[in-house]
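Just so you know, we're using this note's numbering here: the sequence shown kicks off at -3 and counts up by one.
Idealized CB from N, CA, C, for every residue including glycine.
This report concerns only the one structure given below.
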Amino acid sequence: MPGSHRYTRLIGFLFGGALAIPPALFTAFHNPVFFSHLGWTLFFIAFIPGLIGLIAGQGIALLFPRYRHFFLNLKIFILVCLLLISIWLGVWGVAVSRSSRTLGPAWPKLVVIGLDAATWDIMDPMIQAGDLPHLASLCRDGARGPLETLSPIWSPVIWTSIATGRLPEHHGITGYYGTRADLKCARVWDITASHGKRTGLFGWLLTWPPENQFVFTIPSWMARSTETIPARYSFIQELNLNRDSSRGDARPLNILFRGILNGWQIPTAIEYTNNPLQIPVDPDEAFIRQHFISVMPCVDVYLALLREQNPQVTCFCLYGMDHLGHRFWKDFDPTGFKESPQKPRPEYRYVIPDYYRLADAAVGRLLAVLPQETTIVVLSDHGMGPDYAAPARYVFNMDRILEAAGMRGWFSVSFAQRRYILHPVIDLTDEQSERVRKTLRDLSLAEQETPLFEISDENGDMILNPQMEMLVDPESPLAVTEGLRVNGQLIPKEELYEIRHLSGSHRSNGILIVKGPEIVLGIRFQDAGVLDIAPTLLAILGLPVSKEMPGRVLEEMFLDGYLDRHPISWVDSYPPPPAVKDETGEEIHIDDRLRGLGYIE
Ligand SMILES: [Zn+2]
């Protein structure tokens, strides 16, 4: 039968394609935007399975001549074609009907984009060079200027001052050790939620534990667990928290599948698959890769939350400019580091500018779905610049220590202000708690008797304070030790710590860009400060400003007549946010005596 083999191949191809239909339908129901890239979609769920089917069909026709006629029959071929085309159209129908590329009628009125440590010193030259097209367009179409921060320049403190419009002594967040439970005054988010506006938070500092008053909350890198609202997005926190603690215990396949079903698009899934987090690499390389890889998954999830939850007021924050800026400033701008013991590494020159480009691309993806009516505020909590004098420090590999102690997976570890915060992620029995305490208390270097850490408890977390000088020094006990003995097992010094050089440090001037239907084009702020943001956001939303807020509404940015039509209104104060409850329903209390601890710099 001449030409019959053509049908054999085609029918096999189509049968193979059919194999992809059930998983495709399943994905289309859960996450229709996964199919928003037609080319990749056809490649992955039609071409690849089709190819497998082609080979299988050929094989069956050759090995089982009895069934050969089935593959050679023109009528069957046409039937299968029609069937497949109609099923595929069905899949497309589901995907298209469930995904709208634009947002629903309840588009966000206000979107705040937080870029921790973003500075005009880097942005302006890059904008001039055409490297940050989306941020450049916001600057062109809106108001821009420096944003003066508060001292001491600690991110959780400043982001909370931005959100509350209040000074740290009033809002209650005074250091790196803190959670939403420490907060004493209302944030803009609490105010909008209490006025019945749907409010959704992504990555704002100190939004852990997440609260039901918001339509969604993905807490920041300082979260102590992977909890999110809605709960199905907790995988994005697994990805983020793994990045920041370098735990290396994330489950990449699990994250991939949950991402595919919850908001990721095909290019994100491909990118993620190309960067397995499990491969052990140099700590700097791992740090860079983990920061770069988490941006687009976060954007995908945020876009999914915007579509799904229709927030009227919402924020989205990225932290890589800060985290990478601390470590790679000398490589980005080696001038001034010539005399420093920290040698610039030309191979890392790309890190900081590439992250800015990535953040710009993220902003671009948000702009693409937001209508012109949305007011967009882009800001940073502080700027960043070179730190020529910063010494190199030892940083313990706490996960390795916990692993050797047989406590892997018991805690999430964060490191802030030279202390290690161990937050239990499993319910520890009394016997286990006792064992943890004893093991950690007994830790000492192989040659010494003195304990390595002083241990204290705060809100059920264990705080480990190193009892030795952590500056890098060839005479240091850490430099000459054989290692650390944990339950009879030796962690050699090469695995015990990494040496961290921080060559960038915070600066007092951050950035502010505001673009919206009521904002003057191209004006420049002269004296905006972080305390002005909360009153300004309330004025944009038409909500009363609290007389307790020391900042001012940035009136100069509004179009003529706007404030006549929408005069600023005032209240004496806003009530503090609702108390935070822990899993047992008990209110979380912070022991005031401990509050002052550990804020030494
Ligand atoms: Zn920082």
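The Cβ-Cβ distance between Ser336 and Tyr390 does not fall below 8 Å. A distance of 8 Å or more separates the beta carbons of His378 and His287. In terms of CA proximity to Glu304, Val211 leads the group Val211, Arg345, Pro387.
Taking 8 Å as the cut-off, the beta carbon of Ser504 is found closer than this to the beta carbon of Glu144. Burial state of Asn258 is buried, judged by a 10 Å Cβ sphere holding 16 or more other Cβ atoms. Secondary structure of Met458 (DSSP, three-state): strand.
The Cβ-Cβ distance between Leu555 and Ile515 falls below 8 Å. Listed in chain order, the non-local C-beta contacts of Phe411 below 8 Å within the same chain comprise Ser241, Val391, Met394, Ile417, local neighbours out to five positions each way being set aside.
At least one heavy atom of ligand 1 lies less than 7 Å from the C-beta of Asp318. Beta-bridge annotation (DSSP): Tyr344 is not paired with any residue.
When secondary structure is reduced to three states using DSSP, Leu467 falls in the strand class. For Ala132, the CB contacts under 6 Å within the same chain, skipping 5 residues up- and downstream, are Ile123 in chain order. Restricting attention to Leu539, Gly547, Pro546, Pro571, the CA atom closest to the CA of Leu559 is found in Leu539. For Gln233, the number of other beta carbons within 10 angstroms of its own is at least 16, and it is reported as buried.
In the DSSP assignment, Phe25 falls within the alpha helix (DSSP H) that extends over 17 to 26.
Here Val567 is exposed, its C-beta having fewer than 16 other C-beta atoms within 10 Å. A straight line joining the alpha-carbon of Ile81 with that of Ile74 spans about 11 Å. Between the alpha carbons of Leu111 and Ile262 lies a distance of about 26 Å. When the Cα atoms are used, Gly405 and Val576 turn out to be separated by approximately 25 Å.
Comparing C-alpha distances from Ile109 to each of Pro19, Cys294, Ser221, Lys193 shows the shortest one belongs to Cys294. Put simply, the backbone Cα of Leu252 is about 18 Å away from that of Leu21.
DSSP places Lys180 outside any alpha helix (DSSP H), giving it a letter other than H or E. A straight-line Cα-Cα distance of about 11 Å links Leu492 and Ala475.
Residue pairing of Leu78 in beta bridges, as defined by DSSP: absent, with no partner found. When the five nearest sequence neighbours on each side are left out, the beta carbons in the same chain lying within less than 6 Å of the beta carbon of Ser542 are those of Val567, Ser569, Tyr570, in order along the chain.
At a cut-off of 7 Å, the beta-carbon of Ala113 counts as near ligand 1: some heavy atom of the ligand is closer than that. By the neighbour-count criterion, in which 16 or more other beta carbons inside 10 Å mark a residue as buried, Asn27 falls on the buried side. Residues of the same chain with a CB within less than 8 Å of the CB of Glu427, apart from the 5 flanking positions on each side, do not exist. If you look at Val510, you'll find it in the beta strand (DSSP E) that goes 505 to 511. The straight-line gap separating the alpha-carbon atoms of Gln522 and Ile397 is approximately 50 Å. Contact between Arg162 and Met545 holds, with the beta-carbon distance rounding to 6 Å and staying under 8 Å.
In the three-state reduction of the DSSP assignment, Gly35 falls in the helix class. In this structure, Ser376 has its beta carbon at no less than 7 Å from each heavy atom of ligand 1.
A straight line joining the alpha-carbon of Met553 with that of Pro382 spans about 32 Å. Look at Trp566 here: in three-state DSSP terms it is strand.
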